[in-house]
Amino acid sequence: MTNDPWLRALLEGAAVVTALMTAVAWITWLERKIAGRIQSRLGPTMVGPFGLLQPLADAVKSMQKESIVPRDADALLFWLAPPLTLALALGTAAVIPFSPGLLASDVDIGVLYALALSGLLSFPIWIAGWASNNKYSLLGGMRMVAQGISYEIPMVLSALVPVVLAGTLSMGGVVRHQAEHGWFVVSAPGVGFVAFLVFLLTALAEGNRIPFDIPEAESELVAGPTTEYTAIQWSLFAAAEYAHSLLASAIAATLFLGGWDGPVLPPAVWMVLKTGALFLLITWLRWSLLRLRSDQLMSLCWKLLVPLTLLLLLGAGTWVTLAT
Amino acid sequence: MTPGGYFFGVCAVVAVLGALATISARNPIRGAMGLLATIVGIAGMYVQLSAQFLAAIQLIVYAGAVVVLFVFVIMLLGPDAHGADGGKRPGSWARWIAAPLVSVLLLGGAVLLARVSTPQRFRAAPPGHGTIEAVGGDVFGRALVPFELSTALLIVAAVGAIAIARSRATKPSERPASVGATRRLFGGAIHPRDARTVDDEVAR
Amino acid sequence: MSELVQVYLPMFLVFAVGAAIVAVFWLGGHYLGPKNPNPEKLQPYECGNDSDGARGVRMSVKFYLTAILFVVFDIEAVFIYPWAVLFKGLGWTGFLTMLAFIAALLVALAYCWKKGALEWES
């Protein structure tokens, strides 16, 4: 590694973003394969062996399509929203620890930073919905932000359970604590496991994945905030959605499943395996479950998850105090 | 220039451009977007001042929550948010005199102050003053009583919001009988069937 | 340059690199894609009806209420962050402090629930 801090930081940033974009491309292939199998189809097969080159073909194809800005739309914000969404989604990658030495920015408030970016992500999508000047898009955007901010509360509170147990907000620190004292999903009787489940649920809701995809409920809102988007701009939104799901899986693996900690295999392999397993779980849920109604969604959040996570925090506090 | 200097420059430009957009945009939503840019720029400056916890809080509370609140209020007002003239009237001639005058006065005052008085020097902050441990130590140490009292503020905010929301509710007679009690209480669109424009209302 | 900027530099450069990659895609779409707009194509989609856009639409006060509840609980979470980090040093005193804080907010939540502010649609 070079000693020039600028060059080093640039290399680390480029490595993280390139790895993530490559992963995003091929998880779209993976998801389509799994969806196909669940629905007794084959999924993509034609482009390359097992359809493996399908993501590249899709990217080139969507660039060759026409980008349409609807009449009376706010053109500036309409153009800005998709790249902003994807850049925000990619930005979270900087604080994910892939192995003890492979972590772009080991900041002391890494958990806080990841949660802050995750909370901001619904906003550029709202901008897209508003700029489209379409009632479906606008309502989809409003619902997306309402859902995003509501579920951010239990998400943040459940992510704080590992912070209480480890006593640090640094992502690397949380993993090091788990490597020494056991993974939080099994240690701290019950509390860690319930917090893990709540975190997964809220991550699904933040990423608008089924069963929480009300902002883009086809039967009433066409395609939600992205109804008016075409070509590469639409693809940027799709890529951002996958990047967000993938990073949410990575954060859950870091906070609750011990991150890179594991026997025999190298740490980075463990991290990739855990993240991949969680992403597969999310995909499986998507193709198996139905959509909740918006009132059920809001009730679940405010009447169950918010009080539950507040009590979980107190439970984690009791456990830590009793254990020391 | 040092990398920190470049970083400050980028943040300052973003913050100032955002502020200009906030006050000059005709459209209130665009104004809110400008405010968002200013908030993000200032968060960057906090990082440069070694106040990283404050920077994260700035992003979470101001960019993530307060701007959303502003935007939802603008959406609640709908066309009224543009003002009585719909934001299309070209404004009074007085602003062409007032704005430069105020700017010149402010700038002149700042230059004059810098000339006549010695600049106030603050003691350098101790290293690590912006870490979450340092800030938290203060909150749960000497600021414990204000911290507990802040719950009262938060409760009042929730109660006040409900009071305001109820007083804005439409009269029951203006709503179809099929609409449920909560919908009557909190009138407005949450579903495409309710998303009427002002023109639709006039037509009825 | 300060230590802190050095630690945070990769984070900002992740943004910069991400923005650069996004720009490449965006420019690719700009140069490869056709541009043949016509009035029919540019019309906002509205299920076959002539659309008059969404500029005059007023949103439900429900959204505003959700936002302000979010602000209240978000600020609460902001106080919990330092508590979670410092908790091991604070012991039972810290636990009771937070117990009082969380209990007060649960009362606020119960009030909102009773007033129907948590009902999305009846």
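Residue numbers (this note's numbering), protein chains in the order written: chain A, 630 to 953; chain B, 1209 to 1412; chain C, 50 to 171.
By construction, the Cβ of each residue, glycine as well, lies at the ideal position given by its N, Cα and C atoms.
- Item | Collapsed DSSP secondary structure at B:Ser1358 in the structure displayed | On the second sequence, position 150 is the one that residue 1358 of chain B refers to. If DSSP states are grouped into helix, strand and coil, B:Ser1358 belongs with the helices.
- Can you tell which of B:Ala1360, B:Val1312, B:Met1283 and B:Ala1245 has its C-alpha closest to the C-alpha of C:Phe150? Translated into positions along the third sequence, residue 150 of chain C becomes position 101. Among B:Ala1360, B:Val1312, B:Met1283 and B:Ala1245, the Cα nearest to that of C:Phe150 belongs to B:Ala1360.
- Item | CB contact below 8 Å: C:Arg104 versus chain A | Sequence index remark: in the third sequence, residue 104 of chain C carries index 55 (1-based). Yes, contact with chain A.
- Could you pull out every unbroken alpha helix (DSSP H) segment of at least 4 residues lying fully inside the segment 65–152 of chain C, listed in chain order? Within the segment 65–152 of chain C, the alpha helix (DSSP H) runs of at least 4 residues that lie entirely inside it are, in chain order, 88–91.
- Query: Around the C-beta of A:Arg666, are 16 or more other C-beta atoms found within 10 angstroms, so that it is buried, or is it exposed?
  - Reply: Translated into the one-based positions of the first sequence, residue 666 of chain A becomes position 37. Answer is exposed; the Cβ neighbour count stays below 16.
- Task: Output yes or no for whether 8 Å exceeds the beta carbon distance between A:Val803 and A:Thr883.
- Result: By one-based count along the first sequence, residue 803 of chain A stands at place 174. By one-based count along the first sequence, residue 883 of chain A stands at place 254. Yes, the pair counts as a contact, with Cβ atoms nearer than the cut-off.
- Task: Return helix, strand or coil for A:Ser728, following the three-state DSSP convention.
- Result: The residue labelled residue 728 of chain A in the question sits at position 99 within the first sequence. Note: A:Ser728 maps to strand in three-state DSSP.
- Message: At the level of alpha carbons, what is the spacing between A:Ala704 and A:Lys694?
- Response: The residue you call residue 704 of chain A lines up with position 75 of the first sequence. The residue you call residue 694 of chain A lines up with position 65 of the first sequence. If I take the Cα positions, the gap works out to 18 Å.
- Message: DSSP three-state label for A:Val736, please.
- Response: The residue given as residue 736 of chain A occupies position 107 in the first sequence. A:Val736 falls in the coil class under three-state DSSP.
- Item | Spatial distance of B:Leu1320 from B:Val1222 (CA atoms) | By one-based count along the second sequence, residue 1320 of chain B stands at place 112. By one-based count along the second sequence, residue 1222 of chain B stands at place 14. Approximately 28 Å, taken between the alpha carbons.
- Query: How many angstroms separate the CA atom of A:Arg805 from the CA atom of A:Asp890?
  - Reply: Here residue 805 of chain A corresponds to residue number 176 of the first sequence, with the count starting at 1. Here residue 890 of chain A corresponds to residue number 261 of the first sequence, with the count starting at 1. Rounded to whole angstroms, A:Arg805 to A:Asp890 spans 8 Å at the Cα level.
- Alpha-carbon to alpha-carbon, C:Ile124 and B:Ala1332: Looking up residue 1332 of chain B in the second sequence gives position 124. Looking up residue 124 of chain C in the third sequence gives position 75. Rounded to whole angstroms, B:Ala1332 and C:Ile124 show a C-alpha spacing of 29 Å.
- Item | Contact belief for C:Val134 with A:Gly836 at Cβ below 8 Å, rounded distance in angstroms | Locating residue 134 of chain C in the third sequence gives position 85, counting from the first residue. Locating residue 836 of chain A in the first sequence gives position 207, counting from the first residue. So it is not a contact: roughly 27 Å between Cβ atoms.
- Query: Hey, how far is the Cα of B:Gly1242 from the Cα of A:Leu910?
  - Reply: As a working note, residue 1242 of chain B is residue 34 in the second sequence. As a working note, residue 910 of chain A is residue 281 in the first sequence. Cα to Cα, the separation comes out at about 39 Å.
- Query: Taking C-alpha atoms, which residue in B:Ile1265, B:Pro1308, B:Gly1286 and B:Leu1262 lies nearest to A:Trp759?
  - Reply: As a first step, residue 759 of chain A is located in the first sequence; it is residue number 130 there, counting from the start. Comparing Cα positions, the closest option is B:Gly1286.
- What do you get for C:Gly145, buried or exposed, if any count of 16 or more other CB atoms within 10 angstroms of its CB means buried? Locating residue 145 of chain C in the third sequence gives position 96, counting from the first residue. Contrary to the premise, residue 145 of chain C reads as Leu rather than Gly in this sequence. By the Cβ neighbour-count rule, C:Leu145 is exposed, with fewer than 16 other Cβ atoms within 10 Å of its own.
- Task: Quick one: list the residues of chain A neighbouring C:Ile117, beta-carbon separation under 8 Å, in chain order.
- Result: As a working note, residue 117 of chain C is residue 68 in the third sequence. Per Cβ cutoff of 8 Å: no residues; C:Ile117 is ~10 Å from chain A at best.
- Can you list the residues of chain B that A:Asp737 reaches, using a CB-CB cut of under 8 Å? Against the first sequence, residue 737 of chain A aligns to sequence position 108. Going along chain B in sequence order, the residues near A:Asp737 (Cβ under 8 Å) are Gln1260, Thr1339 and Ile1340.
- Query: Along chain B, which residues have their Cβ under 7 Å away from the Cβ of A:Gly748?
  - Reply: Position 119 of the first sequence holds residue 748 of chain A. Per Cβ cutoff of 7 Å: Ile1268 and Gly1272.
- Item | Inter-residue spacing [alpha-carbon to alpha-carbon] between C:Lys163 and A:Val774 | Position 114 of the third sequence, counting from 1, holds the residue named residue 163 of chain C. Position 145 of the first sequence, counting from 1, holds the residue named residue 774 of chain A. If I take the Cα positions, the gap works out to 24 Å.
- Message: If contact is defined by three or more beta carbon pairs under 8 Å, each pair taking one atom from either stretch, is the segment 815–834 of chain A in contact with the segment 711–726 of chain A?
- Response: no
- For A:Lys764, does the three-state DSSP call read helix, strand or coil? One-based indexing of the first sequence puts residue 764 of chain A at position 135. Helix, per DSSP.
- Item | Sub-8 Å separation of C:Ala166 and A:Ile778 beta-carbons | For this step, residue 166 of chain C is matched to residue 117 along the third sequence. For this step, residue 778 of chain A is matched to residue 149 along the first sequence. The answer is no: Cβ separation not under 8 Å.
- Message: Would A:Phe825 pass as an interface residue toward chain B - the criterion being a Cβ-Cβ separation below 8 Å?
- Response: Within the first sequence, the letter at position 196 stands for residue 825 of chain A. No, its Cβ sits nowhere closer than 8 Å to a Cβ of chain B.
- Query: Helix, strand or coil: which one does DSSP assign to A:His873?
  - Reply: For this step, residue 873 of chain A is matched to residue 244 along the first sequence. Residue state, collapsed to three classes: helix.
- Do A:Trp755 and A:Pro854 have their C-beta atoms within less than 8 Å of each other? Within the first sequence, residue 755 of chain A is the residue found at index 126, counting from 1. Within the first sequence, residue 854 of chain A is the residue found at index 225, counting from 1. Closer than 8 Å, so yes.
- Task: Assuming C:Tyr57 and B:Val1255 form a contact by the criterion Cβ under 8 Å, report the distance between their Cβ atoms to the nearest whole angstrom.
- Result: The residue given as residue 57 of chain C occupies position 8 in the third sequence. The residue given as residue 1255 of chain B occupies position 47 in the second sequence. C:Tyr57 to B:Val1255, Cβ: 6 Å. Contact.
- Message: For a quick check, are the C-beta atoms of A:Pro684 and A:Thr714 less than 8 Å apart?
- Response: On the first sequence, position 55 is the one that residue 684 of chain A refers to. On the first sequence, position 85 is the one that residue 714 of chain A refers to. Result no, Cβ atoms of A:Pro684 and A:Thr714 do not sit closer than 8 Å.
- To the nearest whole angstrom, what separates the beta carbons of A:Ala716 and C:Gly67, a pair I think is in contact under 8 Å? Position 87 of the first sequence, counting from 1, holds the residue named residue 716 of chain A. Position 18 of the third sequence, counting from 1, holds the residue named residue 67 of chain C. So it is a contact: roughly 5 Å between Cβ atoms.
- A:Phe828 to A:Ala743, Cα distance in whole Å? Within the first sequence, residue 828 of chain A is the residue found at index 199, counting from 1. Within the first sequence, residue 743 of chain A is the residue found at index 114, counting from 1. Whole-angstrom Cα-Cα distance: 13 Å.
- Query: Between the segment 60–89 of chain C and chain B, which residues of the former have CB atoms less than 8 Å from a CB of the latter, in chain order?
  - Reply: Flagged, chain order: Phe61.
- Message: Give me the chain B residues within the contact set of C:Lys164, using Cβ-Cβ distance strictly less than 7 Å, ordered along the chain.
- Response: Position 115 of the third sequence holds residue 164 of chain C. Neighbours of C:Lys164 on chain B, chain order: Ile1370.
- Of all the residues that make up the segment 752–765 of chain A, which are near chain B by a beta-carbon distance shorter than 9 Å? Phe752, Trp755, Ile756, Trp759, Ala760, Lys764 and Tyr765
- Message: Please state the DSSP three-state secondary structure of A:Gln668.
- Response: The residue labelled residue 668 of chain A in the question sits at position 39 within the first sequence. The answer is coil: DSSP assigns A:Gln668 none of H, G, I, E or B.
- Item | Residue range of the alpha helix (DSSP H) that includes A:Val815 | Indexing the first sequence from 1 puts residue 815 of chain A at position 186. Unbroken run through A:Val815: none, as it is neither H nor E.
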